[in-house]
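Below: the structure, in structure tokens.
2 protein chains.
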Amino acid sequence: MNNFEFYNPVKIIFGKDQITQLPRQIDKKNSVLLIYGGGSIRKNGVYDQTIAALAGYTVLEFSGIEPNPRYETCLKAVELIQQNQIDFLLAIGGGSVIDATKFIAAAARFTHGDPWTILSSRAPVRDALPFGCILTLPATGSEMNSGAVITRQATNEKFAFGHPLLFPRFSILLPEAAATLPPRQVANGVVDAFVHTLEQYITYPADAPLQDRFVESILLTLIEQGPKAYANPADYSAMSSLMWCATMALNGLIGCAVPSDWATHMIGHELTALHEIDHARTLAIVLPGLWRALIDHKTEKLAQYGQRVWGIEQGTPRQIAEEAILRTEEFFHSLDIPTRLSDYGLGEETVQNVVSRLDKRGWRALGDRRLATPEIVRLALGE
Amino acid sequence: MNNFEFYNPVKIIFGKDQITQLPRQIDKKNSVLLIYGGGSIRKNGVYDQTIAALAGYTVLEFSGIEPNPRYETCLKAVELIQQNQIDFLLAIGGGSVIDATKFIAAAARFTHGDPWTILSSRAPVRDALPFGCILTLPATGSEMNSGAVITRQATNEKFAFGHPLLFPRFSILLPEAAATLPPRQVANGVVDAFVHTLEQYITYPADAPLQDRFVESILLTLIEQGPKAYANPADYSAMSSLMWCATMALNGLIGCAVPSDWATHMIGHELTALHEIDHARTLAIVLPGLWRALIDHKTEKLAQYGQRVWGIEQGTPRQIAEEAILRTEEFFHSLDIPTRLSDYGLGEETVQNVVSRLDKRGWRALGDRRLATPEIVRLALGE
Numbered sequence: 087m088n089n090f091e092f093y094n095p096v097k098i099i100f101g102k103d104q105i106t107q108l109p110r111q112i113d114k115k116n117s118v119l120l121i122y123g124g125g126s127i128r129k130n131g132v133y134d135q136t137i138a139a140l141a142g143y144t145v146l147e148f149s150g151i152e153p154n155p156r157y158e159t160c161l162k163a164v165e166l167i168q169q170n171q172i173d174f175l176l177a178i179g180g181g182s183v184i185d186a187t188k189f190i191a192a193a194a195r196f197t198h199g200d201p202w203t204i205l206s207s208r209a210p211v212r213d214a215l216p217f218g219c220i221l222t223l224p225a226t227g228s229e230m231n232s233g234a235v236i237t238r239q240a241t242n243e244k245f246a247f248g249h250p251l252l253f254p255r256f257s258i259l260l261p262e263a264a265a266t267l268p269p270r271q272v273a274n275g276v277v278d279a280f281v282h283t284l285e286q287y288i289t290y291p292a293d294a295p296l297q298d299r300f301v302e303s304i305l306l307t308l309i310e311q312g313p314k315a316y317a318n319p320a321d322y323s324a325m326s327s328l329m330w331c332a333t334m335a336l337n338g339l340i341g342c343a344v345p346s347d348w349a350t351h352m353i354g355h356e357l358t359a360l361h362e363i364d365h366a367r368t369l370a371i372v373l374p375g376l377w378r379a380l381i382d383h384k385t386e387k388l389a390q391y392g393q394r395v396w397g398i399e400q401g402t403p404r405q406i407a408e409e410a411i412l413r414t415e416e417f418f419h420s421l422d423i424p425t426r427l428s429d430y431g432l433g434e435e436t437v438q439n440v441v442s443r444l445d446k447r448g449w450r451a452l453g454d455r456r457l458a459t460p461e462i463v464r465l466a467l468g469e
Numbered sequence: 087m088n089n090f091e092f093y094n095p096v097k098i099i100f101g102k103d104q105i106t107q108l109p110r111q112i113d114k115k116n117s118v119l120l121i122y123g124g125g126s127i128r129k130n131g132v133y134d135q136t137i138a139a140l141a142g143y144t145v146l147e148f149s150g151i152e153p154n155p156r157y158e159t160c161l162k163a164v165e166l167i168q169q170n171q172i173d174f175l176l177a178i179g180g181g182s183v184i185d186a187t188k189f190i191a192a193a194a195r196f197t198h199g200d201p202w203t204i205l206s207s208r209a210p211v212r213d214a215l216p217f218g219c220i221l222t223l224p225a226t227g228s229e230m231n232s233g234a235v236i237t238r239q240a241t242n243e244k245f246a247f248g249h250p251l252l253f254p255r256f257s258i259l260l261p262e263a264a265a266t267l268p269p270r271q272v273a274n275g276v277v278d279a280f281v282h283t284l285e286q287y288i289t290y291p292a293d294a295p296l297q298d299r300f301v302e303s304i305l306l307t308l309i310e311q312g313p314k315a316y317a318n319p320a321d322y323s324a325m326s327s328l329m330w331c332a333t334m335a336l337n338g339l340i341g342c343a344v345p346s347d348w349a350t351h352m353i354g355h356e357l358t359a360l361h362e363i364d365h366a367r368t369l370a371i372v373l374p375g376l377w378r379a380l381i382d383h384k385t386e387k388l389a390q391y392g393q394r395v396w397g398i399e400q401g402t403p404r405q406i407a408e409e410a411i412l413r414t415e416e417f418f419h420s421l422d423i424p425t426r427l428s429d430y431g432l433g434e435e436t437v438q439n440v441v442s443r444l445d446k447r448g449w450r451a452l453g454d455r456r457l458a459t460p461e462i463v464r465l466a467l468g469e
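Going down the list, the protein sequences come from chains V and D.
Residues are numbered in the numbering used here as their position in the first sequence, beginning at 1, plus a constant of 86.
Residues are numbered in the numbering used here as their position in the second sequence, beginning at 1, plus a constant of 86.
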């Protein structure tokens with residue numbers, strides 16, 4: 087096994103009626119800024135429960151965080167923080183709100199220049215406001231990691247960043263709050279968690295048998311529980327498992343000692359930036375094509391995935407790998423998630439634009455073993 | 087899924103040459119007390135590497151921690167701490183040394199009475215010296231949790247205790263250091279980790295499919311890698327996986343939202359206290375008998391274990407459960423670990439003594455659903 091470090095101090099508080107735990111988690115003397123998106127938390131009761139739990143605290147609010155949260159919006163929250171005494175941030179919502187809160191927490195305490203440089207040139211974060219999360223939507227895993235992705239609207243760019251100071255102090259995970267989600271968002275969540283898991287697995291054998299089996303555990307559970315949660319978001323049992331899978335998919339554990347890929351994410355980010363396709367849906371477009379283009383390099387792990395996750399027993403490793411890609415597409419289709427650019431009316435021009443945008447960034451380390459070259463990306467996105 | 091909390095802030099630093107990371111983990115101004123057992127760390131190079139890494143620190147030493155670490159010995163370390171300025175403890179060894187260090191850390195800062203009450207009457211820990219670990223032996227998982235077990239020699243009693251203040255600040259896991267272990271200790275480690283995992287699994291279905299699969303992942307990996315590490319402790323690949331499995335078996339993760347049992351451990355502790363049988367070996371004696379005595383109550387999880395871990399496909403759930411118990415015994419035997427009291431020349435008198443000792447403690451909550459009654463314990467330990 088390769089050397090590794092693992093550190094994840096996020097306290098998870100999972101289940102029903104857990105918002106009542108808030109006063110145990112935040113010092114009473116703190117002035118708290120709630121950060122959320124649109125109005126959904128006002129409809130599903132989470133907002134009211136939060137306000138009730140924070141009785142006696144000084145509470146301010148900042149709403150309007152978008153899906154694919156925007157740098158410009160985050161800066162407005164930072165301004166609000168600079169004009170008021172704020173000691174603690176509380177993100178309420180899904181991954182977008184949590185990602186935005188991470189950037190706001192870092193930017194509010196960034197004293198050495200333009201906070202844009204945190205994103206554009208990975209300027210080091212040296213301090214951050216403490217924050218907690220109330221998660222209402224299973225998908226990104228942001229509730230238990232220290233990374234985030236922010237979009238700058240002005241330039242149509244998505245940037246990832248992260249720092250150990252940006253681990254949430256706690257995350258309250260509420261499967262019940264996801265009961266009223268539109269099924270489309272549940273399907274997106276399943277695919278997002280599924281692909282997060284695969285990005286840390288479909289690489290090459292790396293002598294990490296426990297990590298491999300943990301990955302397969304998450305995939306099998308998503309295949310078993312994801313469609314139930316999609317069919318009925320109010321199925322508490324299925325939604326609980328989906329939410330816990332999504333958290334475990336990106337909290338660092340399955341990535342210990344193994345190579346990872348993330349080319350699907352990098353390419354997908356460009357599709358979201360160019361065409362505002364939901365993040366998870368871009369992953370479903372990119373992943374199968376990328377695997378086919380790289381099958382010679384990924385046969386062993388694809389075949390292991392085919393055997394252990396999809397139960398494919400017959401065939402050569404190559405045949406099992408090909409069948410595993412087909413099963414993955416079928417799984418996405420079963421959640422009504424398309425897997426072709428043409429399903430969105432897009433074609434050669436988009437492929438060209440994606441390749442140009444990646445070109446501009448210099449193709450640094452795209453994919454495991456830097457396998458995702460411009461030619462491979464063209465193949466992956468082609469029909 | 088049931089509500090749960092999960093919190094584990096231990097930083098894991100895993101692999102080769104990782105002792106060199108020590109100066110990054112401990113403030114230079116700290117005066118450090120090394121705590122270890124016998125002389126094995128002087129033979130395998132770990133002691134020398136630690137001293138080299140801590141050049142420039144004030145370093146004191148306390149050695150002589152026993153297997154099944156003793157309260158009396160811990161108190162001597164506390165005395166040493168009270169006579170010297172010590173800011174940080176560094177446990178070097180296996181679970182016994184780490185457990186002892188946890189008690190020492192708590193007792194050294196215990197200001198409200200006799201530290202014995204931490205064990206005897208669960209007096210609350212309100213402060214503890216910070217400590218880190220260098221793990222040289224895979225087994226107990228103590229390196230990534232906040233619990234410990236201490237024996238009082240005078241009364242032949244083993245007590246478990248724990249507190250969130252007793253999480254190690256970091257644990258450096260060294261599979262290489264385990265290369266020179268006697269095979270007997272490796273076998274003990276495999277069985278200890280295996281039974282820790284099963285104590286959180288062979289209960290009853292609890293709607294936690296991801297946790298179940300994580301458990302099965304650990305068991306499958308122990309079955310695959312454990313015998314290789316036993317056959318050749320210098321097999322770095324196998325020892326790495328064994329070490330990581332043992333850590334994951336008892337860091338809280340697989341216990342999220344599920345019932346646990348621990349009757350095997352409670353009964354096993356009495357056998358160790360009475361007859362000084364190695365901890366893991368007591369578990370191998372108790373577990374199969376206890377399962378047979380409780381098979382009516384545990385059929386569902388035993389059958390799931392038989393199917394998913396041992397690949398038993400034919401038979402009724404009851405038959406699969408019975409076969410799974412046999413396979414478990416065979417696995418222990420393959421590691422040269424006996425599974426009967428009579429293998430140690432013990433019989434009815436010991437059974438009676440164990441039952442009396444458990445009687446004295448009041449049978450509070452022994453086993454999941456308190457199923458392990460005196461009659462069941464007699465059945466479990468009988469031939």
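Don't be surprised by glycine CBs; every beta carbon is placed ideally from N, CA and C.
Keep in mind that this is a model prediction, so the values were computed, not measured.
Rounded straight-line distance, which links the Cα of residue 294 (chain D) to that of residue 314 (chain V)
Numbered from its first residue, the first sequence carries residue 314 (chain V) at position 228. Numbered from its first residue, the second sequence carries residue 294 (chain D) at position 208. Looking at the two C-alpha atoms, the distance is approximately 15 angstroms.
Work out the CA separation of residue 187 (chain D) and residue 362 (chain D) for me, nearest whole Å.
To locate residue 362 (chain D), count along the second sequence from 1; it is residue 276. To locate residue 187 (chain D), count along the second sequence from 1; it is residue 101. Distance from the CA atom of residue 362 (chain D) to the CA atom of residue 187 (chain D), rounded to whole angstroms, is 21 angstroms.
* To do: Check distances from the C-beta atoms of the stretch 88-107 of chain D to those of chain V and list, in chain order, the residues that come in under 9 angstroms.
  => Of all residues in the stretch 88-107 of chain D, only 88, 89, 90, 91, 92, 93, 94, 95, 96, 97, 98, 99, 100, 101, 102, 103, 104 and 107 place a beta-carbon less than 9 angstroms from a beta-carbon of chain V.
key: Contact belief for residue 302 (chain D) with residue 394 (chain D) at Cβ below 8 angstroms, rounded distance in angstroms   = Start at 1 with the first residue of the second sequence, and residue 302 (chain D) comes out as number 216. Start at 1 with the first residue of the second sequence, and residue 394 (chain D) comes out as number 308. Contact flag correct, Cβ pair sits at about 5 angstroms.
Checklist entry - Residues of chain V with CB under 7 angstroms from residue 299 (chain D), in chain order? => result The residue labelled residue 299 (chain D) in the question sits at position 213 within the second sequence. Within 7 angstroms of the CB of residue 299 (chain D), the CB atoms of chain V belong to 303, 306 and 307, in sequence order along the chain.
(message) If we define contact as Cβ-Cβ less than 8 angstroms, is residue 428 (chain V) a contact residue for chain D?
(response) Here residue 428 (chain V) refers to the residue found at position 342 when the first sequence is read from its first residue. Residue-level contact by beta carbon fails for residue 428 (chain V) and chain D, as no gap is shorter than 8 angstroms.
I'd like to confirm the pairing. Which residues does DSSP put opposite residue 183 (chain D) in its beta bridges?
One-based indexing of the second sequence puts residue 183 (chain D) at position 97. In DSSP, residue 183 (chain D) forms no bridge with anything.
Exercise. Determine the DSSP secondary structure at residue 243 (chain V), reduced to helix, strand or coil.
Key: Residue mapping note: residue 243 (chain V) aligns to position 157 of the first sequence, counting from 1. If DSSP states are grouped into helix, strand and coil, residue 243 (chain V) belongs with the strands.
Quiz item: In three-state terms, what does DSSP make of residue 148 (chain V)?
Solution: Along the first sequence, one-based indexing puts residue 148 (chain V) at 62. Residue state, collapsed to three classes: strand.
In whole angstroms, what is the alpha-carbon distance linking residue 458 (chain D) and residue 266 (chain V)?
Residue mapping note: residue 458 (chain D) aligns to position 372 of the second sequence, counting from 1. Residue mapping note: residue 266 (chain V) aligns to position 180 of the first sequence, counting from 1. Roughly 43 angstroms between the two C-alpha positions.
*asked:* Let me see if you follow: with CB-CB separation under 8 angstroms, is residue 393 (chain D) close to chain V or not?
replied: Taking the first residue of the second sequence as 1, we reach residue 393 (chain D) at position 307. Not closer than 8 angstroms to any Cβ of chain V, the Cβ of residue 393 (chain D) fails to qualify, so no.
Give a yes or no on whether 8 angstroms exceeds the smallest Cβ distance from residue 330 (chain D) to chain V. In the second sequence, the residue the question calls residue 330 (chain D) occupies position 244. Among the residues facing chain V, residue 330 (chain D) is included, as its CB has a counterpart in that chain under 8 angstroms away.
- Query: Leaving out the 5 sequence neighbours to the left and right, which residues in its chain are closer than 8 angstroms to residue 206 (chain D) when beta-carbon positions are compared?
  - Reply: Working through the second sequence from its first residue, we reach residue 206 (chain D) at position 120. 245.
Quiz prompt | Same chain, Cβ closer than 7 angstroms to residue 357 (chain V), five either side skipped, listed in chain order | solution = Position 271 of the first sequence holds residue 357 (chain V). Contacts found: 363, 368, 371 and 440.
Given a cut-off of 8 angstroms on the beta-carbon distance, is the pair residue 387 (chain D) and residue 322 (chain D) in contact? Here residue 387 (chain D) corresponds to residue number 301 of the second sequence, with the count starting at 1. Here residue 322 (chain D) corresponds to residue number 236 of the second sequence, with the count starting at 1. Cβ distance not < 8 angstroms, so residue 387 (chain D) and residue 322 (chain D) don't count as in contact.
| request: Count the C-beta pairs between the stretch 407-419 of chain V and the stretch 327-347 of chain V that are closer than 8 angstroms, then say yes if the count reaches three, no if not. | output: Output reads no: the stretch 327-347 of chain V does not touch the stretch 407-419 of chain V.
**Report entry** the stretch 143-167 of chain D: positions lying closer than 7 angstroms to chain V by Cβ
**Finding:** Going along the stretch 143-167 of chain D in chain order, one finds no residue with a Cβ nearer than 7 angstroms to chain V.
Item checked: Which residues DSSP lists as bridging residue 117 (chain D), in chain order -> To locate residue 117 (chain D), count along the second sequence from 1; it is residue 31. The partner list for residue 117 (chain D) (beta bridge, DSSP) reads D:144.
Return no unless some Cβ of chain D is closer than 8 angstroms to the Cβ of residue 284 (chain V).
Residue mapping note: residue 284 (chain V) aligns to position 198 of the first sequence, counting from 1. It does not; no Cβ of chain D falls within 8 angstroms.
Quick check on residue 342 (chain D): does DSSP put it in helix, strand or coil?
For the purposes of this step, residue 342 (chain D) is taken as residue 256 along the second sequence, with counting starting at 1. Coil.
**Asked** Thinking just about the alpha-carbon of each residue, which of D:242, D:389 and D:247 is nearest to the one in residue 235 (chain D)?
**Response** Working through the second sequence from its first residue, we reach residue 235 (chain D) at position 149. It is D:247.
Please classify residue 441 (chain V): does DSSP put it in a helix, a strand, or coil? Within the first sequence, residue 441 (chain V) is the residue found at index 355, counting from 1. Here residue 441 (chain V) carries a helix assignment [DSSP, helix/strand/coil].
task: Counting only the same chain and skipping the five closest in sequence on each side, list residues whose C-beta sits under 7 angstroms from that of residue 106 (chain D).
output: In the second sequence, the residue the question calls residue 106 (chain D) occupies position 20. Taken in chain order, the residues that qualify are 139.
Checklist line | The alpha helix (DSSP H) enclosing residue 212 (chain V), as first and last residue numbers | finding: Taking the first sequence and counting its residues from 1, the one referred to as residue 212 (chain V) is at position 126. Here residue 212 (chain V) belongs to no alpha helix (DSSP H), and DSSP marks it neither H nor E.
Would you call the stretch 176-185 of chain D and the stretch 116-123 of chain D in contact, with 3 or more CB pairs under 8 angstroms?
-> Contact between the stretch 176-185 of chain D and the stretch 116-123 of chain D is present, because at least three Cβ pairs lie under 8 angstroms.
Beta carbon proximity, residue 471 (chain V) to chain D, threshold 8 angstroms
Residue 471 (chain V) cannot be examined here, being either before or after the span of chain V that is shown, 87 to 469.
Does DSSP put residue 447 (chain V) in a helix, in a strand, or in coil? Along the first sequence, read from residue 1 onward, the residue named residue 447 (chain V) stands at position 361. DSSP places residue 447 (chain V) within a helical segment (H, G or I) once states are collapsed to three.
Query raised in the report: Between residue 97 (chain D) and residue 142 (chain D), which are expected to be in contact by the criterion C-beta below 8 angstroms, what is the C-beta distance as a whole number of angstroms?
Result: Position 11 of the second sequence, counted from the first residue, corresponds to residue 97 (chain D). Position 56 of the second sequence, counted from the first residue, corresponds to residue 142 (chain D). So it is not a contact: roughly 22 angstroms between Cβ atoms.
Check your understanding: Can a CB atom of chain D be found closer than 8 angstroms to the CB of residue 296 (chain V)?
Key -> Residue numbering aside, residue 296 (chain V) sits at position 210 when the first sequence is read from its first letter. Contacts with chain D at 8 angstroms (Cβ-Cβ) include residue 296 (chain V).
Could you tell me which residues DSSP pairs with residue 220 (chain V) in its beta bridges?
-> What you label residue 220 (chain V) is simply residue 134 of the first sequence in a count that begins at 1. In the DSSP output, where bridge partners are listed per residue, residue 220 (chain V) has V:178 and V:258.
Check: Since residue 327 (chain D) meets chain V, which of its residues come closer than 7 angstroms, beta carbon to beta carbon?
Finding: Along the second sequence, read from residue 1 onward, the residue named residue 327 (chain D) stands at position 241. Chain V residues near residue 327 (chain D): 87, 295 and 296.
* Asked: To which residues of the same chain is residue 220 (chain D) closer than 6 angstroms at the C-beta, ignoring the five residues directly before and after it?
  -> One-based indexing of the second sequence puts residue 220 (chain D) at position 134. Correct list, in chain order: 178 and 258.
Between the Cα of residue 222 (chain D) and the Cα atoms of D:199, D:283 and D:264, which residue gives the shortest distance? For the purposes of this step, residue 222 (chain D) is taken as residue 136 along the second sequence, with counting starting at 1. Of the listed residues, the one whose Cα sits closest to residue 222 (chain D) is D:264.
Exercise. Straight-line CA distance for residue 192 (chain D) to residue 174 (chain D)?
Worked result: For this step, residue 192 (chain D) is matched to residue 106 along the second sequence. For this step, residue 174 (chain D) is matched to residue 88 along the second sequence. For residue 192 (chain D) and residue 174 (chain D), the distance between alpha carbons rounds to 12 angstroms.
What residue range is occupied by the uninterrupted alpha helix (DSSP H) comprising residue 386 (chain V)? Mapped onto the first sequence, residue 386 (chain V) falls at position 300. In the DSSP assignment, residue 386 (chain V) falls within the alpha helix (DSSP H) that extends over 381-394.
Please state whether DSSP places residue 356 (chain D) in a helix, a strand or coil.
Sequence index remark: in the second sequence, residue 356 (chain D) carries index 270 (1-based). In the structure shown, residue 356 (chain D) sits in a helix (DSSP, three-state: H, G or I).
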